[in-house]
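Going down the list, the protein sequences come from chains R and G.
With the working numbering applied, the first sequence covers 1 to 263.
With the working numbering applied, the second sequence covers 264 to 526.
Have a look at the structure below, then the notes.
Number of protein chains: 2
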Amino acid sequence: MRIGIVQSSPVFGEVKKNIADCFDLMASHSADLWVLPELFASGYQFLNPAEARDLAETVPGGITTQALIEYAYSKSCFIVAGLPELDDDSVYNCSILVGPDGYLARYRKIHLFYEEKTNFTPGDLPFAVVDIGIAKIGMMVCFDHLFPESARSLALQGADVIAHPANLVLPDLAQRTMSIRALENGVFTATANRVGTETRTDEALTYTGQSQVVAPDGQALVRLSQDRVEVAVVEIDVSDARDKAITKHNDKLGDRRPDLYRL
Amino acid sequence: MRIGIVQSSPVFGEVKKNIADCFDLMASHSADLWVLPELFASGYQFLNPAEARDLAETVPGGITTQALIEYAYSKSCFIVAGLPELDDDSVYNCSILVGPDGYLARYRKIHLFYEEKTNFTPGDLPFAVVDIGIAKIGMMVCFDHLFPESARSLALQGADVIAHPANLVLPDLAQRTMSIRALENGVFTATANRVGTETRTDEALTYTGQSQVVAPDGQALVRLSQDRVEVAVVEIDVSDARDKAITKHNDKLGDRRPDLYRL
Numbered sequence: 001m002r003i004g005i006v007q008s009s010p011v012f013g014e015v016k017k018n019i020a021d022c023f024d025l026m027a028s029h030s031a032d033l034w035v036l037p038e039l040f041a042s043g044y045q046f047l048n049p050a051e052a053r054d055l056a057e058t059v060p061g062g063i064t065t066q067a068l069i070e071y072a073y074s075k076s077c078f079i080v081a082g083l084p085e086l087d088d089d090s091v092y093n094c095s096i097l098v099g100p101d102g103y104l105a106r107y108r109k110i111h112l113f114y115e116e117k118t119n120f121t122p123g124d125l126p127f128a129v130v131d132i133g134i135a136k137i138g139m140m141v142c143f144d145h146l147f148p149e150s151a152r153s154l155a156l157q158g159a160d161v162i163a164h165p166a167n168l169v170l171p172d173l174a175q176r177t178m179s180i181r182a183l184e185n186g187v188f189t190a191t192a193n194r195v196g197t198e199t200r201t202d203e204a205l206t207y208t209g210q211s212q213v214v215a216p217d218g219q220a221l222v223r224l225s226q227d228r229v230e231v232a233v234v235e236i237d238v239s240d241a242r243d244k245a246i247t248k249h250n251d252k253l254g255d256r257r258p259d260l261y262r263l
Numbered sequence: 264m265r266i267g268i269v270q271s272s273p274v275f276g277e278v279k280k281n282i283a284d285c286f287d288l289m290a291s292h293s294a295d296l297w298v299l300p301e302l303f304a305s306g307y308q309f310l311n312p313a314e315a316r317d318l319a320e321t322v323p324g325g326i327t328t329q330a331l332i333e334y335a336y337s338k339s340c341f342i343v344a345g346l347p348e349l350d351d352d353s354v355y356n357c358s359i360l361v362g363p364d365g366y367l368a369r370y371r372k373i374h375l376f377y378e379e380k381t382n383f384t385p386g387d388l389p390f391a392v393v394d395i396g397i398a399k400i401g402m403m404v405c406f407d408h409l410f411p412e413s414a415r416s417l418a419l420q421g422a423d424v425i426a427h428p429a430n431l432v433l434p435d436l437a438q439r440t441m442s443i444r445a446l447e448n449g450v451f452t453a454t455a456n457r458v459g460t461e462t463r464t465d466e467a468l469t470y471t472g473q474s475q476v477v478a479p480d481g482q483a484l485v486r487l488s489q490d491r492v493e494v495a496v497v498e499i500d501v502s503d504a505r506d507k508a509i510t511k512h513n514d515k516l517g518d519r520r521p522d523l524y525r526l
């Protein structure tokens, strides 16, 4: 299958423009699964919970989800992308999975970073995996990368590909952890990070790109620039994620000894 | 406190010589905690279970443990080192911790690599932490590095320093995973790997050194060569491992969400 990663540069609050910009980037490529950044249509730097709520959308009814479904239908592809989700009184930092037949799944970011703790409600759904036929997909968002339990929970449920929308400001950190997550779990990981700078407070945020797809052996199949709007599509063989053997005697998941862990 | 790592080149089966060589290397340095390689006195490449049994020793009664205790007493230090442990009919790939007052703890390698599965009994004791006063010490051995549960189990029990005796043949793999283990858990890690080549079968094993001490921010404080017998001592501030804050809102262990993991 072909995995595409979109490294866009959203303008805060310009939802329709940001969606259109991504679709423009994607249009000249073909992929079976696209991964877009965290909060790719809204922007990231919310000043307070009210701003997050103003830009939050219901799932799957909101315009971002509907636009993604329409694109997925028109191109016969699957898309993972991040958006602020409104559900009753709560706003989640959410990632959704849609396909040609519509909405499939949501993941609400479990490990919120820094001021996200002010602006979002922590995820309340367990890590879960969706079988889209060509592969089993798990979702995690940005800072989840630092917690090995995130990718492990997905791998243990059979994920072949971990889609990882991100808005990373530190360079070459999540890239290293995600390389290890791919390696230790024997899965593909696809991190879509944004670029550009947001200056809505005195504390400007510059996002550091380096979006990447990593193979189950921990090697990056592609890594994008730190500061340019770009897309990449890589061909992967999903079966590489189903062979967890390290040696003829060792298995990345089968060798686990949960009875002796203290977690 | 000062952590010393010993990168020795044992000769298979020459237990007394290998012990003496390490002590010679250590003698010109001073450390509070020394970490020696996996199976540092016996060598690694056992041809069959009978060979492992022949070189295995009881703990703490055997000559290797007793020699380490004597050294620890004479220098007022603590030592972590690997040896094949004989207990009734079982032989474990074991790491022990000794101090000036004698034997303190053992860890029996939980994740056995490749033909170790033929020659050793898998560890049957949970990951555990020992408070030696100047720090809380956890032990793991070599291939345990690939399983994030190993270091996590130790960190969650309060380990400040993870002592990691190793006999690594792949270069720059465990070095990368241990950097992430230190970072994700906010602990110091001290990996003592051996160098040299063993040619007891057609499949020669060349060990790849690069012994290292990593700080809780994931940065290597020292990394030794890939092929030379060496030691290094680094000064650390244990309190760096007790501050798990990432931001004012984030904590490496406190942010975990075990209720939403599927492990």
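We put the beta carbon where it would ideally sit given N, CA and C, even for glycine.
Just so you know, these numbers come straight off a predicted model, no measurement behind them.
C-beta neighbour in chain R for residue i, strict 9 Å
i                 : result
Gly-267 (chain G) : no
Ala-391 (chain G) : yes
Thr-381 (chain G) : yes
Arg-505 (chain G) : no
Tyr-529 (chain G) : Residue 529 (chain G) lies beyond the stretch modelled for chain G, which goes from 264 to 526, so this question has no answer here.
Tyr-377 (chain G) : yes
Asn-513 (chain G) : yes
Counted within 10 angstroms of its Cβ, other Cβ atoms place residue i as buried (16 or more) or exposed
i                 : result
Gly-324 (chain G) : exposed
Ser-211 (chain R) : buried
Val-274 (chain G) : exposed
Lys-280 (chain G) : exposed
Glu-333 (chain G) : exposed
Arg-106 (chain R) : buried
Ala-41 (chain R)  : buried
Glu-85 (chain R)  : buried
Thr-462 (chain G) : exposed
Leu-170 (chain R) : exposed
Gly-481 (chain G) : buried
Gly-133 (chain R) : exposed
Ala-81 (chain R)  : buried
Asp-131 (chain R) : exposed
Arg-491 (chain G) : exposed
Euclidean distance between Cα positions of residue i and residue j
i                 : j                 : result
Glu-314 (chain G) : Arg-242 (chain R) : 36 Å
Val-496 (chain G) : Lys-248 (chain R) : 38 Å
Leu-516 (chain G) : Gln-7 (chain R)   : 30 Å
Ala-67 (chain R)  : Phe-46 (chain R)  : 23 Å
Pro-479 (chain G) : Ala-455 (chain G) : 17 Å
Glu-378 (chain G) : Asp-124 (chain R) : 43 Å
Thr-452 (chain G) : Met-441 (chain G) : 7 Å
Val-195 (chain R) : Thr-327 (chain G) : 56 Å
Phe-406 (chain G) : Phe-23 (chain R)  : 44 Å
Tyr-207 (chain R) : His-145 (chain R) : 16 Å
Asp-202 (chain R) : Tyr-92 (chain R)  : 25 Å
Val-213 (chain R) : Glu-230 (chain R) : 14 Å
Pro-521 (chain G) : Thr-460 (chain G) : 43 Å
Val-501 (chain G) : Ala-398 (chain G) : 7 Å
Leu-318 (chain G) : Ala-174 (chain R) : 44 Å
Ile-3 (chain R)   : His-111 (chain R) : 25 Å
Of the residues the options, the one placed nearest residue i, counting alpha carbons only
i                 : options                                    : result
Val-161 (chain R) : R:His-111, R:Val-229, R:Leu-183, R:Phe-143 : R:Leu-183
Glu-498 (chain G) : G:Leu-296, G:Ala-283, G:Val-432, G:Asp-284 : G:Leu-296
Thr-58 (chain R)  : R:Ser-74, R:Cys-94, R:Ser-225              : R:Cys-94
Met-402 (chain G) : G:Glu-301, G:Gly-276, G:Gln-482            : G:Glu-301
Pro-312 (chain G) : G:Ala-344, G:Glu-277, G:Asp-352, G:Ser-339 : G:Asp-352
Ser-413 (chain G) : G:Val-361, G:Asp-284, G:Arg-371            : G:Arg-371
Asn-250 (chain R) : G:Leu-288, G:Lys-380, G:Asp-500, G:Gln-438 : G:Lys-380
Gly-43 (chain R)  : R:Arg-256, R:Val-80, R:Asn-167, R:Gln-219  : R:Asn-167
Leu-263 (chain R) : G:Ala-508, G:Leu-468, G:Ala-391            : G:Ala-391
Chain G contact for residue i (CB, 9 Å cutoff)
i                 : result
Gly-123 (chain R) : yes
Ile-137 (chain R) : no
Arg-106 (chain R) : no
Tyr-261 (chain R) : yes
Pro-258 (chain R) : yes
Pro-148 (chain R) : yes
Tyr-92 (chain R)  : no
Glu-85 (chain R)  : no
Thr-65 (chain R)  : no
Ile-79 (chain R)  : no
Ile-96 (chain R)  : no
Asp-131 (chain R) : no
Within chain A, partners of residue i - CB distance below 8 Å
i                 : result
Thr-247 (chain R) : Looking at the structure shown, chain A is missing, and the protein chains on hand are R and G.
Item to check | Cβ-based contacts, 7 Å cut-off: residues of the stretch 191-218 of chain R near chain G | outcome: none
Next on the checklist: Can you pull out the residues from the stretch 142-166 of chain R whose beta carbon lies closer than 7 Å to at least one beta carbon of chain G?
Outcome noted: Leu-146, Phe-147, Pro-148, Glu-149, Arg-152, Ser-153, Leu-156, Gln-157
Checklist entry - Of all the residues that make up the stretch 432-457 of chain G, which are near chain R by a beta-carbon distance shorter than 7 Å? => result Cβ contacts with chain R come from Arg-439, Thr-440, Ile-443, Glu-447.
Next on the checklist: For the stretch 16-37 of chain R, list every residue whose C-beta sits within 9 Å of some C-beta in chain G, in sequence order.
Outcome noted: none
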